[in-house]
Amino acid sequence: MAVRALLWSALTMSTVGACGGMMGRPGRRPGHRRLAWGAGGLFIAFVLYLCAETAAGLFPDVLKSVVGESPRRVAVACGLALILAGAALYIRHLRARLADSPDRAEADAGQLQRGRKALIHQVHRTWTSGLQFRLTEAVRLEVGLQDFPSAVHDPWGSGELTTEAGTPLHTDTALRTMFDQHDQQLLVLGAPGAGKTVHLLELTSALIEEARADAEAPVPVFLLLTNWRGGPLDDWLISELQHRYRTSAGVTRALLAQGKICFILDGLDEVDLERQEECVSSINAFISADGYPQCAIAVSCRLIDYQLLSQRLTVNGAVTVQPLPVTAVHNILREAGARVRGLRAAAAADPDLAELLTTPLMLGVAVLAYSGVDEHAVRSAGTLEERRGLVYDAFLTRMVTRDRTLRGDHKPPRFSVDQVEGRLLLMAREMRKYQVTVIYPSDPLRVMLQASPQVLEQVHSGSRILLATVKVQIVYLKLISSTSPSRLLYKATLRLAQYTSLFPYLRKDFVRFACERALLRRSGDGVAFIHKTFQDHLSQRADSMTPQQRGALYRQAITS
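Structure representation (structure tokens):
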């Protein structure tokens, strides 16, 4: 048992080194470093081969004179070799990180101009698709903003956090207007589904157009705070720009120093609950007098979660996205016509249902879910959250089965309702397990690598060994994938992993289908649920299942 533990520890060590090296300098071709990684991977593969041969009772005679014939000595020697290989790989990773230090990553004027142009292109390509389809477009909506000055820190005030809101703004007041009015430092609050992310995406789109037209305008960078795992915010921002937008650390630091970046940070409430206070402190330190006080920044958060925090952001101002008045909900449903006659009648007879529809998200979901449905099929009992779940379940069924002939799609759905529901339940549960809101079909291991240490510590040892083995194989193949055979082998291995029980919901055809049916949405190079509340509902449903029921879902996802 001790020998086995040593072998698996060595394998884990080498995996950490390989994964660290893969993430060290993303977006660059390492050149001679690729040969070094390939040699290290071959060495690890050779040692594992020796272990397998020893376990089978076979061992080359030429090596017996070196390590003897004792299987225990062979296993110990292989384990030590793996530990040394992992340590060497990790040292190379640290040296790569040091190579990106400010002293060695300064960008000249030409590099800065090219980096800025490439960053604009990446942000535009990544996030404008988020505005191409919105559930709120199912009906015509105009939600208003309200000034909320007490939500941010007032250096001349009492220091107490209050919930006193300011004056409601006119319904045609754009977030961009408020952003400029508060010197481009703004906090955006609102209820779940109120439209905070859509407002931030519209702000990003407007700022992108300005950055294209004016070389002195800051470049907006849209980032998800759910990926923040602690530490100084500037270090995280530089790392995120490297990973998400392929912008070098030198270019990012230069743009930061010149005030040429505007950070759009979505989802303060989606940061780990234990770290939300730390995240607020990190943002405040970033825009303090000792940091980047003039840096343009916008942050979004759920109002109820922000009110539970003991400290406030020190940005210049705050606004809340207002819910729709109940009278506006009735008027909108009346204007929608006969297709929502049943939903309109049910909302008129049920004040709780009408209150549920006061956010643009739920109103759009309900209109799509209950289009052409009579009143009796809409009305239901239960708590507000239970009824929200029923609306989401009806929405899922309708989006899978709805007629798409008007869009030129005459084929029957590629997946049934049960198949789609099962895969989404598994996906939501896994995303909740790893505390992420975005998953990457082309690189699912990134979700595991992003998981917080607290989550990884809860993974069973057997699962950890399995994941470590798969990581070594895929990471190694990815590092040597410059040649055509290796690239094909890497893609084949990754495709095999997607068809196994590790990632049954990440098949390319299923992800495309779910996005077309507006159950998932593109989020950069990853995918996310249409809203966090939809993901939470499905993950809660999956958690309420027995292990046998979840096992049946996995088997269905693999075989169908």
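Position in the sequence shown (first residue = 1) + 1 = the numbering used here. Every residue gets a Cβ at the ideal spot worked out from N, C-alpha and C, and that includes glycine.
Counting only residues of its own chain and dropping the five nearest sequence neighbours on each side, V272 has a CB closer than 8 Å to the CB of L226, T227, W229 and C280.
In the DSSP secondary-structure assignment, R523 is bridged to V528. Close CB contacts of R276 within its chain, under the 7 Å cut and outside five residues either way in sequence, are with G231 (chain order). Between the alpha carbons of G343 and G194 lies a gap of roughly 23 Å. Within 10 angstroms of the beta-carbon of I305 lie fewer than 16 other beta-carbons, which makes it exposed. Of the other Cβ atoms in all chains shown, 16 or more fall within 10 Å of the Cβ of R518; this residue is therefore buried. Less than 8 Å divides the Cβ of L187 from the Cβ of V316. Straight-line spacing of the CA atoms in W128 and A382 works out to 38 Å.
Here K509 is exposed: its Cβ has fewer than 16 other Cβ atoms, across all protein chains shown, within 10 Å. Contact between Q541 and G423 does not hold, since the beta-carbon distance rounds to 16 Å and is not under 8 Å.
Taking the Cα positions, G111 is about 16 Å away from I121.
Distances from the alpha-carbon of R177 to those of D109, I209, M363 and A339 put I209 closest. Inclusion of T198 and D270 in the CB contact set at 8 Å is not warranted, their separation being larger than that value.
Taking all protein chains shown into account, R313 has 16 or more neighbouring C-beta atoms within 10 Å of its C-beta and is therefore buried. The C-alpha of A367 lies about 10 Å from the C-alpha of L357. In the structure shown, the three-state DSSP call for F223 is strand.
The C-beta distance from Q536 to T438 rounds to 7 Å, short enough to fall under 8 Å. Pairwise C-beta distances place the stretch 251-265 in contact with the stretch 207-222, as three or more of them are shorter than 8 Å. The Cβ neighbour count for R115, taken over all protein chains shown within 10 Å, is under 16; the residue is labelled exposed. Going by DSSP, G191 is part of no alpha helix (DSSP H) but of the beta strand (DSSP E) stretching over Q186 to G191. CA-CA distance, D394 to K118, rounds to 43 Å. Beta-bridge annotation (DSSP): T534 is not paired with any residue.
Nearest neighbour of L234 by Cα position, chosen from G527, R254, A216 and D215, turns out to be R254. Within the stretch 298-364, the beta strand (DSSP E) runs of at least 3 residues that lie entirely inside it are, in chain order, 318-322.
By the neighbour-count criterion, in which 16 or more other beta carbons inside 10 Å mark a residue as buried, L274 falls on the exposed side. Looking at Q550, S417 and Q185, the one whose alpha-carbon comes closest to that of Q295 is Q185.
Under the three-state reduction of DSSP, Q182 is assigned to helix.
If you draw a straight line from the Cα of M400 to the Cα of H377, it comes to about 20 Å. Under the DSSP assignment, L266 falls in the beta strand (DSSP E) whose first and last residues are I262 to D267. According to the DSSP assignment, Q123 belongs to the alpha helix (DSSP H) that extends over A110 to W128. S283 sits buried, since 16 or more C-beta atoms from the chains shown fall within 10 Å of its C-beta. Within 10 angstroms of the beta-carbon of S524 lie 16 or more other beta-carbons, which makes it buried. Annotation: V124 to H538 spans about 30 Å, alpha carbon to alpha carbon. Judged by their CB atoms, V330 and A297 are not nearer to each other than the 8 Å cut-off.
Under the criterion of beta carbons closer than 8 Å, F514 and R415 qualify as touching, at roughly 5 Å.
Burial state of S545 is exposed, judged by a 10 Å Cβ sphere holding fewer than 16 other Cβ atoms.
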